[in-house]
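Here's the structure, in structure tokens; my notes come after.
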Amino acid sequence: MSGFLFAFLACLLASLGARDQLLVAQMSARQGQRPGLLIVALFSAITCTALAAWLATVMAAEVPGKAKLVFAGIALVLAGGEALLLAAKKPPAEPTNSLFAALVVLAAQQLTDAVRFLVLALALLTASPITAGLGGAASGVIGLGAAWMMPELASQKQLPILRRLAGVFLLAAGVLLGWRGMS
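Heads up, the sequence shown is in this note's numbering, so the first residue is -5 and it goes up one at a time.
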């Protein structure tokens, strides 16, 4: 249970102001709170998180002890880099009403976002991919649900600052973990 809670809290904090959250908020503000958009966003988040947890399971079986620390460190560095470098874009001028297009865009963002890299790192470090995946999926459900219900989140000025702080923390943690794994 503590692994789930740790993954949930870490992923929730890492997802503040994420590209997928802001896109859902922007689309919800523009198109209204369509239940289909929420379902597509949650499906994408849960699927991408499950994929990250599965990848950690495969890697854990193949990678020896200290190398797991290095790979977890690399995942955290990628998470921090994503949070620092890839900011959310302005709302699309003509957003499509297609739920399939929304699914494709959200999945592409979520496959390479900080939360999924964090789930991968936590699953490798704790050797418990199920609880890391469940915690990450639960945080995605909460974050995307909040973005869908409160589209005004997209205009909050504090989110980019919080996002960059999370990125710096994840980057530093990844470097330290990778260093520890190599020594």
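Glycine residues also receive a C-beta, built at the ideal position from the N, C-alpha and C atoms. Bear in mind that the values here come from a model prediction, so they are computed numbers and not experimental data.
Contact between the segment 60 to 68 and the segment 161 to 173 is present, with at least three C-beta pairs closer than 8 Å. Residues Gly129, Ala132 and Ser133 of the same chain have their beta carbon placed closer than 7 Å to that of Phe2, with the five preceding and five following residues left out of the count.
Per DSSP, the unbroken alpha helix (DSSP H) holding Leu7 starts and ends at Ser(-4) to Ala8. In terms of Cα proximity to Leu10, the closest of Val57, Trp173 and Gln150 is Gln150. Between Leu80 and Asp14 the beta-carbon gap is near 11 Å, outside 8 Å, which marks them as no contact.
Out of Val34, Ala35 and Leu114, the CA that lies nearest to the CA of Leu72 is found in Leu114.
Arg110 is a Cβ neighbour of Ala46, given a cutoff of 8 Å. CA-to-CA, the gap between Met176 and Lys62 works out to about 10 Å.
The same chain holds no residue with a CB closer than 7 Å to that of Leu159 once the five nearest residues on each side in sequence are set aside. The closest CA to that of Gly30, considering only Leu156, Arg174, Leu138 and Pro154, is found on Leu138. Secondary structure note for Arg28: it is in no alpha helix (DSSP H), with a DSSP letter that is neither H nor E. Rounded to whole angstroms, Gly172 and Leu36 show a C-alpha spacing of 32 Å. In the structure shown, the three-state DSSP call for Pro123 is helix. For the alpha helix (DSSP H) assignment, the uninterrupted runs of no fewer than 4 residues enclosed by the segment 100 to 156 are, from N- to C-terminal side, 108 to 120 and 123 to 143. Nearest neighbour of Ala140 by Cα position, chosen from Ala108, Ala19, Leu105 and Gln104, turns out to be Ala19. Of the residues Val135, Ile40, Trp48 and Thr41, the one whose Cα lies closest to the Cα of Ala121 is Trp48.
As the crow flies, the alpha-carbon of Pro58 is around 10 Å from that of Val64.
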